[in-house]
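**Student:** Residue numbers (the working numbering): 1 to 161.
The C-beta atom is built at its ideal place from N, Cα and C for all residues, glycine as well.
Note that this is a predicted model, so its numbers are computed, not measured.
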């Protein structure tokens, strides 16, 4: 198929056309007449939708997002590893059971359970900072000290006070 200019109808791309200003009497490459452009919907050769029965929705998909399986996390579903095959009734011990369940994760990939662990860790650290406000005061000294044993001793001093 040869590229044709929408402005003049010659065989070159529209961007290479010599006509740079707006035309009073544009050329239509669909019907080879002057008076309108090829995108004019009332052009006799403008593509029209086919007559007949309209197509039904071709995207008939059943959404199963409302189906919740207790005891299986999203990370387990998408990774293909099923840790808990038997859904257990939810109770107060469910959180401790989830933490004690061994997690199988690829070594080079970070999955959503790793992100949940990080979020849980931040919550714990936040609670520690609330319990021990002196931690904020020694934070600059902790950053300056490169010796891990010295940092541990500084932290122990805060916790013992």
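Can you name, in chain order, every residue of its own chain whose Cβ lies under 6 Å from the Cβ of residue 96, other than the five neighbours on each side?
**Tutor:** Any answer about residue 96 is weak, because its pLDDT of 48 lies below 50 and its placement is not dependable; what the coordinates show is given next. If we look at residue 96 and ignore the five residues flanking it on each side, it has no Cβ neighbours.
**Student:** Where does residue 25 land, buried or exposed, given buried means 16+ other C-beta within 10 angstroms?
**Tutor:** Exposed, because fewer than 16 other Cβ atoms sit within 10 Å of the Cβ of residue 25.
**Student:** Quick check on the burial criterion: 16 or more other C-beta atoms within 10 angstroms. Buried or exposed for residue 113?
**Tutor:** Label assigned to residue 113: buried.
**Student:** What are the start and end residues of the alpha helix (DSSP H) that includes residue 155?
**Tutor:** Note, residue 155: alpha helix (DSSP H), 148-160.
**Student:** Can you give me the C-alpha to C-alpha distance between residue 18 and residue 43, rounded to a whole angstrom?
**Tutor:** So the two alpha carbons sit approximately 25 Å from each other.
**Student:** In this structure, how does DSSP classify residue 33 when only helix, strand and coil are distinguished?
**Tutor:** Strand, per DSSP.
**Student:** So residue 131 is in the alpha helix (DSSP H); what residue range does that whole segment cover?
**Tutor:** Residues 112-131.
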